Amino acid sequence: MAQTIQMTNEQLQALIEAVRASAVSAAGNAVAAGESSTSKTKGSFSNCTHRFGGARSHDEVEEFITNIVTYKELESISDENALKGISLLFYGIASTWWQGVRKEAKTWNDAIGLIREHFSPTKPAYQVYMEFFEKKQEDSVAIDTFVVEKRALLAQLPEGRHNEETELDFLYGLLNIKYRKHIPRQSITTFRDLLEQGRIIEHNNQEDEAVSKGPLRGARRVDRCTYCNFRGHTFENCRKRRQAQNEENDD
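All residue numbers for the sequence shown refer to the working numbering, where the first residue is 1321 and numbers rise by one.
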């Protein structure tokens, strides 16, 4: 027969508090374990797919830096861990270079600065201008490509050097004549305006080319000989007919 246990109100309350404290402690341990597991999957560049081999190209360097900075933020990698793991992202000459300069990088920002300094040093303004005005837009280059490339060069100038209106003045004179014929300078105030109008012109030109390559209405038909049934000549000029006539006359 089961024995009945009698408890006072104070004992019952103490038991309830003990059970509640135990449950809270267990939940806290579970959360801590989950955070520990998450921290093991984050916090490093081990799964980062972005790599840099040492190309001395402003565009490639900036693309690499943008990618790894974004990855670092999304994966909640601390500056300390990022600095330790950045070597995982280098290969080729970049890996060799890092072995020689890594002691100079005391912080994450130092590492980023060293990458830019060695592989993409800041160009003097005069050199940027020379490259910008060096080439005009060729007929085969799409306006999107041309504008993107020129704006990338202007971005290498000191910040705040020119406003958008001045940059448009620079670029407008380099546009292919097929755009300048239909886009007055005063009709555009932003690069977006220029691109929208330029795309319309490209679309219209593509339609014109498609029509011109199609069959021409009213075009003269090629003559067909009624004697030999070949195209390119008439009955009167048919050599086979003349040869046959000559053979008959010889007989």
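All C-beta atoms, glycine included, are put in the ideal place defined by N, C-alpha and C. None of the values given here were measured: they were computed from a predicted structure.
- Counting along the chain, residue 1436 sits inside the alpha helix (DSSP H) bounded by residues 1428-1439.
- Cα atoms of residue 1377 and residue 1531: separation of roughly 42 Å, rounded to the nearest angstrom.
- Going by DSSP, residue 1420 is part of the alpha helix (DSSP H) stretching over 1413-1421.
- In the three-state DSSP reduction, residue 1410 falls in the strand class (E or B).
- The segment 1423-1441 and the segment 1370-1387 touch, with three or more beta-carbon pairs separated by less than 8 Å.
- Residue burial is scored here from C-beta neighbours: residue 1412 has fewer than 16 other C-beta atoms within 10 angstroms and is therefore classed as exposed.
- Put simply, the backbone Cα of residue 1445 is about 31 Å away from that of residue 1409.
- Ranking 1510, 1503 and 1522 by CA distance to the CA of residue 1483 puts 1510 first.
- For residue 1556, there is no enclosing alpha helix (DSSP H), since its DSSP letter is neither H nor E.
- Counting along the chain, residue 1403 sits inside the alpha helix (DSSP H) bounded by residues 1399-1405.
- The criterion of a C-beta distance shorter than 8 Å is not satisfied by residue 1499 and residue 1520.
- With contacts defined by Cβ atoms closer than 8 Å, residue 1490 and residue 1439 do not form a contacting pair.
- The residue from 1340, 1430, 1474 and 1457 with its alpha-carbon nearest to that of residue 1447 is 1474.
- Cβ atoms of residue 1503 and residue 1518 come within 8 Å of each other, at about 7 Å.
- By alpha-carbon distance to residue 1380, the top candidate from 1337, 1427 and 1441 is 1441.
- Shown here for residue 1555: same chain residues with a beta carbon closer than 8 Å to its own, the five before and five after excluded, namely 1545, 1546, 1547 and 1561 in chain order.
- Here residue 1495 is buried. Its C-beta has 16 or more other C-beta atoms within 10 Å.
- Inter-residue distance for residue 1343 and residue 1403 is about 40 Å (C-alpha atoms, whole angstroms).
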